[in-house]
Amino acid sequence: MSGFFSPFITKPVSVSQIMLHVLLALIPGIALYVWFFGPAILVSLTLASITALGVEALMLKIQNKQIAPTLKDNTALLTAWLLALSIPPLAPWWLVVVGTAFAISISKHLYGGLGNNPFNPAMIGYAVLIISFPVHMTHWLTPHGLGDVSLSFLEQLNYIFQGVLPDGIKLDAITMATPLDTLKTQLHLNGHVQEILDMPIYGRLAGQGSEWVAAGFLLGGVYLIAQRIISWHIPLAYLGTLFAVAGLFHLIDPAHYVTPVFHLFSGAAMLGAFFILTDPVTSPTTPRGRLIFAASAALLTYLIRAFGGFPDGMAFATLLMNICVPLIDAYTQPKVFGKKKGQS
Amino acid sequence: MRTLYQFHGGIHPPTNKTQSNHTPIKQASLPSKLVIPLHQHVGSSAKPIVEAGQRVLKGELIGAPDGHLSSAVHAPTSGTISAIDMQIVAHPSGIPDLCITLIPDGLDEWIHREPCDDWCALSHTELRHRLRQAGVVGLGGAVFPSDVKLYSHKHKIKTLVLNGAECEPYITCDDLLMRERATEILQGAQIMRALLYAEEVLIGIEDNKPEAIAAMRAAVTEGCHERMEVVAVPTIYPGGGAKQLIRVLTGIEVAAGVRSTNLGVQCFNVATAYSAWRAIGHSEPLISRIVTITGNVGHPQNFEALIGTPMDELVAQAQPLPGTTGYIMGGPMMGVLMPSMQVGVIKATNCIIAAAKNLFPAPAPALPCIRCTRCAEVCPSELQPQELYWFSKAKNLDKAEDYHLFDCIECGACSYVCPSNIPLVQYYRFAKSEIWAQEASQKAADAARERHEFRESRIEREKREKAEKLAAKEKAAIEARALRAETPQAVVSSARPDADPENTMQLKIQLAIDHAKEQAAAIKPKNTEQLTPQQLAEIADIEARRARVREIAKDVTHIDGHS
């Protein structure tokens, strides 16, 4: 007997399955990441996953809550993956652990656990790391074929866990700043956009390699929309607004403002549009609210990228807009059946 | 091709209708007893008008409607009334209600009936009266007395919607009724149309019932019914909700708290139309209905069952299977779990599902809401169920009302899709009942306060009136004294006809006191009385001189006035 009250039947789709779909949708992006940058990212993903599950279990135990049903919901895993994808793969192991632990314990469970956190936990974890350990957060891997030397997987593991590089190899030889970071620095040095983009780290659309990872996330995102796991509102409003704003600046001054396509395929734009901003817990619930939320986040992302102190603005834009969610929801309540304009 | 409209949301649960719609409607065998509740409809309970031990005939009135919004209850077969007492009825609460128990005598002997060949000759009032006396109520589940809904002025109602959508999974009673008794449904619809002065009749049937659609269309053609159309509507739950069907067929959205008749539409279930025809055309009261028996039974099918038939006796005729844990009355989306398997079939019983673990597995434990808004996407009332859930859970009832809690039709679509398995509808039912309870206690408090305030103001008024009377008396006494000095009669007369008796009495007392005082005063002689004739002559002389002086003074004043 399903219960004492109707409805007695339910559609067999669970939170766990929804989150599993989201995790699956990340796989094309991750696969391309591995293809272009090597398997080090898999280490961070694993580390983050283990930490997330461990910390979640601990937090549930402390609160005397049931551990198994929550651990099985896959939400902690998703937080872990999103954070791991935002951290340089060669970052020391403890950076991943600290960031994930903070995300799960402080920004998720201390706010009441699943469904109650006002901020996206992965982005809180990212913000904590980039503010506390800015140097470690800039050691991004150079894509295959670009660096003078490349590390074997074993050597990468050695560096991640023990901070030891093979003799004669310096960190600078295997890492680089992100394409967005480089762009920012070069523009500060009075570089011209066209000259900067001729640097070898840039590919056809944006960063060499990273543009393909972004394309992978786009593919996963389209899958999520097709599967009706997420609605189109947030990704479309986010990418559309980012494109429009970047396009406007690019039209006005192409020498100092890169193309809108560059913005879409750089940094965390694609990941954010489909996987981070769409976190249902921390985004608005009304369709109109979602459009406002995502468009504002895109505007903030662009402003931070173009005029702010950080190379990418996705995380901060997300967190700033997370604050506004209750307000946006309250002011965008749709009209109900029979009470729309022009009806009695 | 008619333009159809859409309503927001909706779901597509497995329909599970094919199990029961392959066999024709079967007459259920006469049960061992009938337990007929007196309250089967919206409104006040029927009044029992029979006594235990009395023999009644089939169709005899045993419960008379009591008040405007009420309905009649009849003996479904001939037999003896064995008890009129409180019994558990077909309501999930399990709270007993007044029922009449009838032991059938097996004769099935009808009361005298007067079939009506030409109902057009009857006045609308008479038609409504007959429907009321026949106990015709909405058979789609709402059980609202039909006569009350069949009231209209000319040119007010454009469309009469007949609801044959039957969107709930498992239920096929309307499907079979339409297949087998289409002509009679349409005759009922004609009566309804006449009473409402409705221009057109639209019969909405979900497109998963092609046989019913075909039968109804054939009946429309055969009966040459003007402006009557059978419309196949998309199969989507809750497309058979009155508001949703009206929306799909006419585009009109009937908001919560608005009467559809004010928007030119009235809606009845097809089975209600059928019953209306049986009541008017055949003089048969509503004593039986079609009930789908399905679920954990070997031979799911539809029965025409007498009202009051114990559910287990009815299910027994569909080859019940072991493992049944209980009966659901209605469908799996909005049905209710019966408190006992022996409760009697009522007018609202469209379906009995024998529930078993394999059909309705236990739901996974509820997880926290992740605000995914799948509920909002399927809500036909376009609500934000997740908001309502938070407000209901937090008992923030004012907010829940602000977010249109009472527009919720409890269709269960939100609960159905919730990935966190939250029994959302339960929260809304809880919040609604809390608000009703609060309103009731508020009303009681208001009534008490009003009573108190009234009492206070009455006491205040009485005090004030006393004071005013006292003041009036004193004033009257003063005036009376003044008047009495000149014309005592005038005072008495003025105090007589218009003053209230109390006042007159007071005045009389006052006058008496005054009189006594004067008498007492009169005992002491004044120096102007008891004078000698000589003194009197002197006084007269002085007075004459004074008068002369007055005359002169007058003339002087006169002259002065002119100068």
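Residue numbers (numbering that gives the first Met the number 0), protein chains in the order written: chain A, 0 to 343; chain B, 0 to 562. Glycine included, every Cβ here is placed at the ideal spot set by N, Cα and C.
So which of B:Y427, B:I61, B:L37, B:Q26 has the shortest CA-CA distance to E303 (chain B)?
With distances taken between Cα atoms, E303 (chain B) lies closest to B:Q26.
With respect to the alpha helix (DSSP H) encompassing C323 (chain A), which residues constitute its N-terminal and C-terminal limits?
Start and end: 313 to 330.
Chain-order list of residues whose beta-carbon lies under 6 Å from that of E283 (chain B) (same chain, five-residue window excluded)
Correct list, in chain order: R277.
Distance, Cα to Cα, V12 (chain A) vs S419 (chain B)?
Just so you know, the alpha carbons of V12 (chain A) and S419 (chain B) end up roughly 9 Å apart.
Extent of the continuous beta strand (DSSP E) to which D96 (chain B) belongs:
In the DSSP assignment, D96 (chain B) falls within the unbroken beta strand (DSSP E) covering 95 to 103.
Helix, strand or coil for W231 (chain A) per DSSP?
Reduced to three states, the DSSP call for W231 (chain A) is coil.
Suppose the cutoff is 7 Å on Cβ atoms and the five residues either side in sequence are ignored; what does the same chain contact list for F336 (chain A) look like?
Nothing meets the Cβ criterion.
Could you work out which residues of chain B lie near F264 (chain A), taking near to mean beta carbons separated by less than 7 Å?
The premise fails here: F264 (chain A) is roughly 28 Å from chain B at the closest Cβ pair, so nothing lies under 7 Å.
Would you call the region 398 to 413 of chain B and the region 373 to 386 of chain B touching, i.e. three or more CB-CB distances under 8 Å?
Result yes; three or more Cβ-Cβ pairs closer than 8 Å.
Nearest to R129 (chain B) by CA position, among B:P64, B:I102, B:T76, B:M85, is which residue?
With distances taken between Cα atoms, R129 (chain B) lies closest to B:P64.
Based on Cα-Cα distance, which residue from A:A316, A:N189, A:A205 lies nearest to N119 (chain A)?
Comparing Cα positions, the closest option is A:A316.
What are the start and end residues of the alpha helix (DSSP H) that includes A79 (chain A)?
Counting along the chain, the alpha helix (DSSP H) containing A79 (chain A) begins and ends at 74 to 85.
Between G256 (chain B) and the ligand FMN, is the CB less than 8 Å from at least one heavy atom?
Annotation note on the ligand FMN: not contained in the displayed structure, which lists no ligands.
Can you give me the C-alpha to C-alpha distance between C350 (chain B) and T171 (chain B), rounded to a whole angstrom?
Annotation: C350 (chain B) to T171 (chain B) spans about 8 Å, alpha carbon to alpha carbon.
Is F302 (chain B) helix, strand or coil by DSSP?
Judged by DSSP in its simplified three-state form, F302 (chain B) adopts strand.
Output yes if chain B places a C-beta closer than 9 Å to the C-beta of N115 (chain A); else output no.
Interface residue, yes.
Could you tell me which uninterrupted alpha helix (DSSP H) segments, each at least 4 residues in length, are contained entirely in the region 179 to 203 of chain B, listed from first to last along the chain?
Considered as a whole, the region 179 to 203 of chain B harbours 181 to 195 as its complete alpha helix (DSSP H) runs of no fewer than 4 residues, in chain order.
Output yes if chain B places a C-beta closer than 9 Å to the C-beta of D72 (chain A); else output no.
For D72 (chain A), the closest Cβ of chain B is nearer than 9 Å.
Limits of the unbroken alpha helix (DSSP H) element including Y301 (chain A)
Start and end: 286 to 306.
Every unbroken alpha helix (DSSP H) inside the region 21 to 101 of chain A [4 residues or more]
Qualifying alpha helix (DSSP H) stretches, in chain order: 39 to 61, 67 to 70, 74 to 85, 92 to 101.
If I measure Cβ to Cβ from L326 (chain A) and keep anything under 6 Å in the same chain, skipping five residues before and after, which residues do I get?
Residues of the same chain with a CB within less than 6 Å of the CB of L326 (chain A), apart from the 5 flanking positions on each side, do not exist.
Using DSSP with H/G/I as helix, E/B as strand and the rest coil, what is H111 (chain B)?
It is coil, neither helix nor strand.
For A90 (chain A) and A254 (chain A), what's the separation of their Cα atoms in angstroms?
Whole-angstrom Cα-Cα distance: 34 Å.
Check distances from the C-beta atoms of the region 285 to 301 of chain A to those of chain B and list, in chain order, the residues that come in under 8 Å.
Listed by position along the chain: T285.
Using a Cβ-Cβ cut-off of 9 Å, state whether L366 (chain B) counts as contacting chain A.
Answer yes: the Cβ-Cβ gap between L366 (chain B) and chain A drops below 9 Å somewhere.
Continuous alpha helix (DSSP H) stretch holding F216 (chain A): start and end:
Counting along the chain, the alpha helix (DSSP H) containing F216 (chain A) begins and ends at 209 to 225.
Is the Cβ of G220 (chain A) closer than 9 Å to any Cβ of chain B?
With 9 Å as the cut-off, G220 (chain A) does not count as an interface residue toward chain B.
Select from the region 334 to 352 of chain B all residues with a C-beta closer than 9 Å to any C-beta belonging to chain A, and list them in chain order.
Per Cβ criterion, the list reads G334, V335, L336, I352.
Whether or not the region 175 to 188 of chain A and the region 259 to 269 of chain A are in contact is what I'm after, with contact meaning three or more pairs of Cβ atoms, one per stretch, closer than 8 Å; do they touch?
The count of Cβ pairs closer than 8 Å, one atom from the region 259 to 269 of chain A and one from the region 175 to 188 of chain A, reaches three, so the stretches are in contact.
Classify H403 (chain B) as buried or exposed, calling it buried when 16 or more other Cβ atoms lie within 10 Å of its own Cβ.
In this structure H403 (chain B) is buried. Its beta-carbon is surrounded by 16 or more other beta-carbon atoms within 10 angstroms.
If contact is defined by three or more beta carbon pairs under 8 Å, each pair taking one atom from either stretch, is the region 40 to 56 of chain A in contact with the region 369 to 379 of chain B?
These segments do not touch.
Smallest Cα separation from G343 (chain B): which of B:L101, B:Q300, B:G66?
Cα-wise, what sits closest to G343 (chain B) is B:L101.
Between A:L196, A:Y110, A:G208, A:V21, which lies nearest to P367 (chain B) when the distance is taken from Cα to Cα?
Of the candidates A:L196, A:Y110, A:G208, A:V21, the one whose C-alpha sits nearest the C-alpha of P367 (chain B) is A:Y110.
When we look at the beta-carbon of S456 (chain B) and count the other beta-carbons within 10 Å, is it buried (16 or more) or exposed?
Counting the other CB atoms within 10 Å of its CB gives S456 (chain B) a total below 16, which places it among the exposed residues.
Nearest-angstrom Cα distance between A314 (chain A) and I212 (chain B)?
CA-CA distance, A314 (chain A) to I212 (chain B), rounds to 57 Å.
Buried or exposed for M227 (chain B), please, with buried defined as at least 16 other CB atoms from any protein chain shown within 10 angstroms of its CB.
Buried is the call here.
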